[in-house]
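Only one structure is covered here, and it is reproduced in the block below.
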Amino acid sequence: MNKPKVSGFFKKHLETMPPEKRLEYLDRKLRGIVLYAYHRSAAFRSKMDAAELIPKQIRTIKDLEKIPITKKSDLVRLQRENPPLGGFEGVPVQELRRIYVSPGPIHEPGEKDYEELAWAQAMIAGGFRPGDIAINTFSYHMVPFALHMVDNTLHKIGCITIPTGVGNTEQQVHILRHLKVHAFCGTPSFLLAIAEKAEEMGLNLKKDLSLRVGFVAAEMLPESLRSKLEGKFGMTVRQSYGTADIGCLGYECIEKNGMHLPDDKIVEIVNPETGKQLRTGQVGEIVATTFNKVYPLIRFGTGDLSFLTDAPCPCGRTSPRLVRILGRVDQMTKVRSLFIHPGQVQEIVSRYTVIGRYQVVVTRKEDKDAMTFRIELNQEVFQREALRGEIERSIRDVMNLRGEVDFVTKGTIPEGAKIIEDRRSWE
Ligand SMILES: [Zn+2]
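So in this note's numbering the end of the sequence shown lands on 407, straight run, no missing numbers.
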């Protein structure tokens, strides 16, 4: 495999700050953006007024708990009432360069000078270097990611961009080959489609192509897919996480042990019911605050579940890391007063290679919550009762709850079924 660059930072003084310095730094940036948004963003002002808050009551990250969370559905509603940006903008709309349109529909502003640091931190951490020729295969139409975030960032870090957008796989292979492209930006599934097409065209991916690094986002990246892609191309693939509204909220470094928080956002993990911050290691909703003066979203709820670690990372970056994305908040549910989420189910299932499709069903039996793991086996198992016992022990280990295993015949669980299905009714 081509050796990736393992050292190097985009903003070393920020990325290697001692944790207490980082807190001071973020608190100071927070006070600045709260004061700014209070005076410039009508939507933020009315949110503060409704909560009877003034900027000087928000001094630290802990104080953010006082501000109600803005959900995606709030954005859609307020933007419909007051287009294009619902009053969340921090500059007059006339000063924007572009307005993007994402599914929802939801609008995002494109400022004249793109200043976000985070995606640049992400690409450098993943091994992109100035002078790399990069193919940007994210979709350039309507949505902000390819044009606004990725294209601007490649320019910022000194890469040369080929703006291919998505699709035209065969042509993309020709471009990769003839322009000796080093770097890929796109979804993991599209990189796999390119690999398969190139193989079909009779190319040797390692010899005929020059791909060295990949920046992937917008989809889950299972480790099995990552190693398949890295092995086929002889490249390094690193993932980042973010949303169209607020930008990058986490990126993997070369160590691939979770996603470092960038330095131009505040990321909280909160209890989705109360909005209160959780401790490191506890699973909750990712809520983010940006310092972007054009679109100062403060306490934006992503609807995604994760948890943080602050264990030191050998890369030298000191920011905490999102360990992985565990699913959506609306898939999280409470069973006997404990939250359960799809990430736990996947952890249990990953211990048993004989498990095919699976689904957890939550019901009420005699006024008590009951949890059943419906499992299809992908091969004949002769000691089913022993396996049942083992899986039920794993459920207790991971979830701190008792669950029953129900082996069902193949084909019972539909493709794309919800991982956790809540069938309780509360009449
Ligand atoms: Zn690291």
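Just so it is clear, CB atoms sit at the ideal spot from N, CA and C, and this is done for glycine as well. Just so it is clear, the structure is predicted and the values come from calculations on it, not from any experiment.
task = Report the option in Y332, I234, S405 and E346 whose CA atom is closest to the CA atom of A373.
result = Per the sequence shown, residue 373 should be read as Arg rather than Ala. Nearest C-alpha to R373: Y332.
query = Just reading off the alpha helix (DSSP H) that H321 is part of, what are its end residues?
reply = Unbroken run through H321: none, as it is neither H nor E.
ask   = Can you find at least 3 beta carbon pairs, one from the segment 253 to 264 and one from the segment -3 to 11, that sit closer than 8 Å?
value = Taking 8 Å as the limit for Cβ pairs, the verdict is that the segment -3 to 11 does not touch the segment 253 to 264.
task = With DSSP as the reference, label Y18 as helix, strand or coil.
result = Three-state result, Y18: helix.
inquiry  = Check this for me: beta carbons of I140 and I113, under 7 Å apart or not?
reply    = Cβ atoms of I140 and I113: closer than 7 Å.
ask   = Hey, how far is the Cα of N62 from the Cα of E248?
value = In this structure, the CA atom of N62 is about 28 Å from the CA atom of E248.
request  = Return yes when at least one heavy atom of ligand 1 lies under 6 Å from the C-beta of R297, else no.
outcome  = In this structure, R297 has its beta carbon less than 6 Å from a heavy atom of ligand 1.
inquiry  = Within the continuous alpha helix (DSSP H) that includes A100, where are the two ends?
reply    = DSSP places A100 inside the alpha helix (DSSP H), whose first and last residues are A98 to A105.
task = Determine the direct distance from the alpha carbon of L159 to that of K(-17), and round the result to whole angstroms.
result = Confidence in K(-17) is poor, its pLDDT being 48 and thus under 50, which makes the residue's placement too unreliable to answer from.
key: Residues that DSSP places opposite T352 in a beta bridge   = Beta-bridge pairing links T352 to V341 and E384.
message = In the DSSP assignment, the alpha helix (DSSP H) including Q262 goes from what residue to what residue?
response = From DSSP, Q262 is part of no alpha helix (DSSP H); its letter is neither H nor E.
key: Whether G49 touches P64 by CB criterion (7 Å)   = The displayed chain sequence assigns Ile, not Gly, to residue 49. Pairing I49 with P64 gives a Cβ-Cβ distance that is not under 7 Å.
ask   = Any idea if L207 is buried or exposed, counting beta-carbon neighbours within 10 angstroms, 16 or more meaning buried?
value = In the sequence under discussion, the amino acid at residue 207 is Ser, which differs from the Leu named in the question. That one is exposed.
inquiry  = Tell me which residue opens and which closes the beta strand (DSSP E) that P63 is part of.
reply    = Counted as a single uninterrupted DSSP element, the stretch harbouring P63 is not any beta strand (DSSP E), since DSSP gives it neither H nor E.
request  = With a 10 Å radius around its C-beta and 16 neighbouring C-beta atoms as the bar for buried, classify V250 as buried or exposed.
outcome  = With 16 or more other Cβ atoms within 10 Å, it is buried.
key: K280 (DSSP reduced to helix, strand or coil)   = Per the sequence presented here, residue 280 reads as Phe, with Lys not at that position. Assigned with DSSP and collapsed to three states, F280 falls in strand.
Beta-carbon proximity list for P143, same chain, < 7 Å, skipping 5 on both sides = Taking C-beta separations shorter than 7 Å and ignoring five residues to either side along the sequence, the partners of P143 in its chain run N116, Y120 and D131, following chain order.
task = With hydrogens ignored, establish whether the beta-carbon of E235 is closer than 6 Å to any heavy atom of ligand 1.
result = True, at least one ligand heavy atom lies under 6 Å from that Cβ.
ask   = How big is the Cα-Cα spacing for S26 and G106?
value = About 40 Å.
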